[in-house]
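Residue numbers (the numbering used here): 56 to 267.
Worksheet: the structure to be examined is printed underneath.
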DNA sequence: CAAGGGATTGGCT
DNA sequence: GCCAATCCCTTGC
């Protein structure tokens, strides 16, 4: 292996096999690294949302096990990728609570490495390749698609890995309702890093609202 | 097997 | 602010 880990170490499965709400918070500040023939893109995660299995009407696995949500039943630390709106992919890190399915949607990140490749993969995104703002932009920038579903992020040899990154100062942590979720819209399971340019605009009723 | 709608985005009004 | 793009999964008949 000639690769070098850019920042921190690859996270272990036992660090991820926790309640998705807790996992969501702990994923802020970690880094997701994608390596391919095209090159490497590495992002610092700054916005995530928890989806917690059988109790959560907004979760994909709320109604039980199906072919699509299979990966959400574990093991933890694997990548759950799904296709939405006929054109976008979204990516999650699988977490568990007492053996119940769950996952954390990755909504946004700051591009730390591979800006040019990021821009090539998502030319229309604003930010000139420096930010991945929105879950579908994030997957595009990292080159994630259907084939990556189920991939183990804790395997050091995996093309997609989760790295420990730098801790986020506690005073920068924020939480609020999840974006674009019709069910359980008051549940504050969206977590983000205050002040990051990559974080989505606050939304209500599924639409963007101007900042006051 | 048909139909509804979705954890979105970017462009246009 | 509004809406089209565009596929697939899930549900229900």
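From the three backbone atoms N, C-alpha and C, an ideal C-beta is built for every residue, glycine too.
In this text the structure is predicted, and so the values were computed from the model without any measurement.
Per the C-alpha coordinates, the member of 210, 151, 217 and 76 positioned closest to residue 230 is 76.
Linking residue 127 to residue 150 through their CA atoms gives a straight-line distance of about 8 Å. Across the structure, residue 217 and residue 204 are spaced so that their CA atoms are roughly 15 Å apart. In this structure, DSSP gives residue 238 a state outside helix and strand, which the three-state scheme calls coil.
Taking a 10 Å sphere around the C-beta of residue 154, we find fewer than 16 other C-beta atoms and assign the residue as exposed. Closest in alpha carbon position to residue 140, among 73, 243, 235 and 167, is 235.
DSSP places residue 247 in the strand class (E or B) of the three-state scheme. Excluding five sequence positions before and after residue 166, the CB atoms of its chain that fall closer than 7 Å to its own CB belong to 96, 98, 173, 184, 185, 186, 187 and 196, given in chain order. Taking a C-beta distance under 8 Å as the contact criterion, residue 100 and residue 161 qualify as a contact pair.
In the DSSP secondary-structure assignment, residue 145 is bridged to 137. Pairing residue 84 with residue 123, the inter-Cα distance amounts to about 28 Å.
Counting only unbroken stretches of 3 or more residues, the beta strand (DSSP E) elements lying wholly within the region 80-128 are 86-91 and 94-106, in sequence order.
Distance from residue 71 to residue 148 at the Cβ level is roughly 7 Å; contact confirmed, criterion being Cβ atoms closer than 8 Å.
With contacts defined as CB atoms closer than 8 Å, residue 68 and residue 131 qualify as a contacting pair. Inter-residue distance for residue 121 and residue 136 is about 14 Å (C-alpha atoms, whole angstroms).
Judged by DSSP in its simplified three-state form, residue 77 adopts helix. DSSP, reduced to helix, strand and coil, places residue 176 within a helical segment of the structure shown. Residue 201 has no beta-bridge partner at all, per DSSP.
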